[in-house]
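In terms of mature numbering (1 follows the signal peptide of the UniProt record, and there is no 0), the sequence shown is residues -22 to -1, 1 to 161. Quick reminder that beta carbons are idealized off the backbone N, C-alpha and C, glycines included. Remember, predicted model here, so these are calculated numbers, not experimental data. Presented below is the structure to which this report refers.
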Amino acid sequence: MKLRLAALAVLPLALAACDDQAMTDLQSSLGMKPEVAEQPATPSGPPAVSPLEQAIEVEGGEHVASATANSETLNTVAFVARGNEPFWTVEASGERAVYKTPENQKGRTVTVRRLTFAQGVEFVGTLDGSAFALTVRGTDCVDDMSGEKFPMSATLKIGGRTNNGCAAPAAAAATETTAAPQG
């Protein structure tokens, strides 16, 4: 009897020296269920709103299910966005955006990250130390000065200033410009 008690007293030390697989084998032979590690959370798709409007990392609160991102903006590689009063143009593609104004027609290149969300895409970077964000949504837009129709709307935020405008795929914008009659 004393031998059994001594063996039981030494058993935890022997088990402590075993590796994880040996511990799992021992637990299953004793009829114990092995502990299952909790799987990390997986993304459910693009966020429902722009990451600048609600941070992606925010936990809790109301979550809006979104099966897919807006296909019109998701499948477009390059965009041309423009707005009036003040006049501005942004050509965005990949990891760069070129911001142009009447005062700087060559433009300023901004290194950006492309973020996809349920209603469109966003190009986010820094211009002269201020936040730079071009948001393109797959909603129809009409230029408020010319009346020209565009397949997408655009919002340009630089620092604390927000400008609204319209956007189109870059290839379509180039085609419309070259197809315009020469006078």
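Just the Cα atoms here: how many angstroms apart are V55 and E126? Cα-Cα distance, rounded: 22 Å.
Measuring only the C-alpha atoms, how far is E69 from T2? Rounded to the nearest whole angstrom, the C-alpha separation of E69 and T2 is 58 Å.
Closer than 7 Å by C-beta to V114: which residues in its own chain qualify, once you throw out the five before and the five after it? Chain order, please. Non-local C-beta neighbours of V114 in its own chain, meaning closer than 7 Å and more than five positions away in sequence, comprise T51, F57, A59, G98, V99, M130, A132, A145, ordered along the chain.
Taking all protein chains shown into account, decide if P147 is buried (16 or more other Cβ within 10 angstroms of its Cβ) or exposed. Per the 10 Å Cβ criterion, buried.
Endpoints, the beta strand (DSSP E) within which S108 is located: Counted as a single uninterrupted DSSP element, the beta strand (DSSP E) harbouring S108 occupies residues 108 to 115.
Can the beta-carbon of G72 be found less than 8 Å from the beta-carbon of N142? No; because the gap between Cβ atoms is not below 8 Å, this pair is not in contact.
Measure the C-alpha to C-alpha separation of F110 and R86 and round it to an integer number of angstroms. Cα atoms of F110 and R86: separation of roughly 12 Å, rounded to the nearest angstrom.
Excluding the 5 residues flanking T79 on each side, which residues of the same chain have their C-beta closer than 6 Å to its C-beta? These residues qualify, in order along the chain: W66.
Euclidean distance between Cα positions of Y77 and V88: Taken atom to atom, the span from the alpha-carbon of Y77 to that of V88 is near 7 Å.
Among S6, D122, T104, which one has its Cα closest to the Cα of E63? Nearest option by C-alpha distance: D122.
Does DSSP put T89 in a helix, in a strand, or in coil? Residue state, collapsed to three classes: strand.
Would the beta-carbon of S124 be found less than 7 Å away from any heavy atom of the ligand NAD? What this structure holds is no ligand at all, so the ligand NAD is not there to describe.
Can you give the Cα-Cα distance for G137 and D106, rounded to whole angstroms? Answer to the nearest angstrom: the Cα atoms are 9 Å apart.
Residues that F101 bridges to, as DSSP identifies them: Paired residue(s): R92, L112.
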